[in-house]
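See structure below.
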Amino acid sequence: MLGSIGDIYRDRLRFVLDVARIYGDVAQYRVAHMRMYQVNHPAGVGRLLHDNHRNYSKDVPAFGTLKLFLGNGLFTSDGDFWRRQRRLAQPAFHRRRVAAFAELMTDATEEMLERWQARATLGQPLEVAQEFMRLTMEVVTRALFSTSVERDIDKIGRAITTLLDDVTFRFTFPFYPPLRVPTPRNRRFLAARATLDGIVYRIIAERRNQPDEHEDLLALLMEARDEQTGEGMSDRQLRDEVVTLFLAGHETTATALTWASYLLSTHVAVARRLYAEVDETLKGRVPTASDLPNLTYTRMVIDETLRLYPPAWITNRRAIGDDAVCGYRIPADATVSISPYVTHRDPRLWENPESFDPDRFAPERSVGRPHYAYFPFGGGPRQCIGKGFALMESTLVLALLAQRHELHLVPGRRVEVQALATLRPRYGMWMAAHPR
Ligand code: HEM
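Mapping of the sequence shown onto the numbering used here: residues 1485 to 1920, in sequence order.
Written out as structure tokens, the structure reads:
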């Protein structure tokens, strides 16, 4: 009666990998009354995300849960409404605009590394997953609001953490009472959402009254005008986009940096090459956006980390009409999932898929790789709007970190991956920072 629920709850990652290994490119299984399809082959992934993307909507339970928190922002909306919002938001993520955030990224990283230095002196270990979460939260908050939230940053951080933990809980327990039932959990959720909304709406109102010289993401979103109607975004819409960017813009990057640190601490030769590149390129300077083209190995370390531990490890869609994917029929209304975690470990596409080998992203070794063999940022029209932002941030943070510290896992602490909304380390990531 329950279909594959038991296997999924036991170990979601094992389950999706086994489905692909046993049943191949397109597989079907049942979760209670729902028929699920899992598409593993790059051609099928390309069909869903790109070639026939209009046939696949985000009208699935996971995005419904996220809407409680994000409203109708870019991540959760669909159809013509999403298309308009994406057109309005896209200019804010232009490469040139994003490059202007490099300095705030390195400033926030230097502040974090100063804290680490103090801990290293006292011989205290760090839980780096939390550290990176705090860092990326600060970066995205400053990018959205420049300096106008200094006094609220901790409040925002606490509210987002409460909301995110709650959404993660609701993914795992979808039958939990809805928000209108006043359970302690629901009351906590509503209070955190009210706190966050209060801050966001206050800042929007201040900006409406005094449009000034800000050059942050919020200013760009407020300036955006629809080409056809000349209209901008309403306050509600701005709120939804801002909260979406808060969420989408920090946990994913923090998780990537956490796994990169883990992989470097367990692959000494890779770490040494990284240090050599950083020392040679930066000669002790703080990196800037113009160093990025020369930090090629640093970037390959990030790319390879995102292959093995893609933070957004699965996404779902609902088929609007019937479709054929890799020769299999997908009926209208079916829920279809694609998982970069699975496709990134397909031995037909990747040599020794389980091994950490950044060189596989060198141009000569990437030739001939199918397009959707690698999709940590999704693809097609709904590809991550923050891809350039995230790659720049991770590369700059990793370069600065490698310049100053070596990270070593604390012996005796367990490291295990946990597949929630993102791929987090289940017991945190305890490391000791040693100045280089
Ligand atoms: C390593 C970091 C990141 C990863 C791995 C990542 C991954 C993804 C993926 C896979 C999607 C598509 C989801 C789907 O198709 O269902 C997505 C969408 C999105 N991401 Fe990211 N993301 C990252 C960082 C960021 C950052 C830094 C921002 C913003 C500052 C951001 C904002 C968004 C938004 C707004 C969407 C929805 C886009 C749309 O549907 O139009 N992401 N991200």
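Beta carbons: idealized from backbone N, C-alpha and C, even for Gly.
Here the stretch 1858-1877 does not lie against the stretch 1706-1721, with fewer than 3 beta-carbon pairs under 8 Å apart.
When only Cα atoms are considered, G1912 and A1613 end up about 6 Å apart. In the DSSP annotation of this structure, P1824 is not part of any beta strand (DSSP E); the continuous alpha helix (DSSP H) holding it starts and ends at 1824-1827.
In terms of CA proximity to V1826, P1837 leads the group A1816, D1817, D1636, P1837. A straight-line Cα-Cα distance of about 43 Å links D1830 and E1699. Membership of T1620 in any beta strand (DSSP E) is not indicated; the residue belongs instead to the alpha helix (DSSP H) covering 1612-1629. In this structure, the beta-carbon distance from M1915 to D1843 does not fall below 8 Å. Sorting S1839, H1918, N1778, A1643 by C-alpha distance to the C-alpha of E1788 places S1839 at the top. Using a Cβ distance threshold of 8 Å, P1854 and H1537 do not count as a contacting pair. Residue burial is scored here from C-beta neighbours: G1768 has fewer than 16 other C-beta atoms within 10 angstroms and is therefore classed as exposed. Leaving aside the five residues that flank G1528 on each side, the residues in its chain whose CB is nearer than 7 Å to its CB run, in chain order, D1509, V1510, V1809, C1810. Along the stretch 1735-1780, the alpha helix (DSSP H) occurs as fully enclosed runs of 4 or more residues at 1735-1750, 1752-1766, listed in sequence order.
Residue burial is scored here from C-beta neighbours: G1557 has at least 16 other C-beta atoms within 10 angstroms and is therefore classed as buried. Pairing S1774 with R1570, the inter-Cα distance amounts to about 28 Å.
For L1558, the shortest C-beta to heavy atom distance toward the ligand HEM is below 7 Å. Using a C-beta cut-off of 8 Å, the stretch 1732-1745 makes no contact with the stretch 1754-1768, since fewer than three inter-stretch Cβ pairs fall below that distance. Bounds of any beta strand (DSSP E) do not take in A1576, whose DSSP letter is neither H nor E. In the three-state reduction of the DSSP assignment, R1849 falls in the helix class.
By the beta-carbon neighbour count (other beta carbons within 10 angstroms, threshold 16), G1870 is buried. Note on the stretch 1844-1919: whole beta strand (DSSP E) runs with a minimum of 3 residues are 1889-1893, 1901-1903, 1907-1909, 1914-1919, in chain order. The closest CA to that of Y1793, considering only S1541, P1909, T1667, is found on P1909.
Distances between the C-beta of S1878 and the heavy atoms of the ligand HEM include at least one below 7 Å. Per DSSP, the unbroken beta strand (DSSP E) holding Q1522 starts and ends at 1518-1523. Judged by pairs of C-beta atoms under 8 Å, the stretch 1583-1600 touches the stretch 1871-1883, as three or more such pairs exist.
In the DSSP assignment, the residues bridged to V1515 are G1487, M1518. Note that the C-beta distance between L1680 and A1643 is below 8 Å.
Contact between L1880 and T1625 does not hold, since their C-beta atoms are separated by about 17 Å, which reaches or exceeds 8 Å. Set against 7 Å, the gap from the CB of A1740 to the closest heavy atom of the ligand HEM is smaller. In this structure, V1899 keeps its C-beta atom at 8 Å or more from the C-beta atom of L1907.
Between the C-alpha atoms of N1778 and Q1574 there is a straight-line separation of about 27 Å. One thing to note: F1616 has its Cβ within 8 Å of the Cβ of L1741.
In this structure T1728 is in contact with L1554, their Cβ atoms being roughly 5 Å apart against a cut-off of 8 Å. Rounded to the nearest angstrom, the gap between the Cα atoms of N1693 and A1592 is 29 Å. Close CB contacts of A1678 within its chain, under the 7 Å cut and outside five residues either way in sequence, are absent. In the structure shown, V1544 adopts coil according to DSSP, grouped into three states. For E1622, same chain residues with a beta-carbon under 7 Å away, outside a window of 5 residues either side, are A1592, I1637 in chain order.
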